[in-house]
Amino acid sequence: MMGREIMVEAYGCNAERLTNIVHLQRLFATIVQELSLHPVGEAQWHQFPHPGGITGMCMLAESHLTVHTFPEHGSVCVNLFCCTPRADWPWASKLEQLLGASHVTVRATSRPYAQPGPAVDNEPYDAIAIASAFNAPLHKS
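Numbering (this note's numbering), first residue to last: 80 to 220.
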């Protein structure tokens, strides 16, 4: 079993919408409804002093949904972690519609729950072995 984490950066957003909690609540409600997610409570919001943005978090039965807005840059970062599979979602068109985004980047990664192979004396994971175990490309710096 693996979870899936989706990291979204959107640029060219409407700065006014990025400082308005109502717009972000609408974004969360749309994501929750259309991906059949299950909040375990009310989302929490923190609005920074002007001209700052907003940080929001919704705990989900599936894990979490977060947003961080940067109105001074016209950008927003969204993170969705689900422990159960979900359908793809049209992030670009939805963020354009709801926040006025003109450019959206979506990255997704699988999050394995079990350690691949036996652990030895709590030594650090071998990145090459892990990448091989999951048939994932390894990018060396």
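We put the beta carbon where it would ideally sit given N, CA and C, even for glycine.
Everything numeric in this text was worked out from a predicted model, so none of it was measured.
query: Residue range of the beta strand (DSSP E) that includes residue 146; result: 142-149
query: Contact check, residue 81 vs residue 189, beta carbons under 7 Å; result: yes
query: Residue 102 versus 175, 184, 191, residue with shortest Cα-Cα distance; result: 175
query: Proximity below 7 Å, CB of residue 139 to CB of residue 117; result: yes
query: Alpha carbon of residue 90 to alpha carbon of residue 146, nearest angstrom; result: 14 Å
query: Straight-line gap, residue 76 to residue 133 (C-alpha atoms, nearest Å); result: The structure shown does not extend to residue 76, since the chain is modelled only from 80 to 220, so the question has no answer here.
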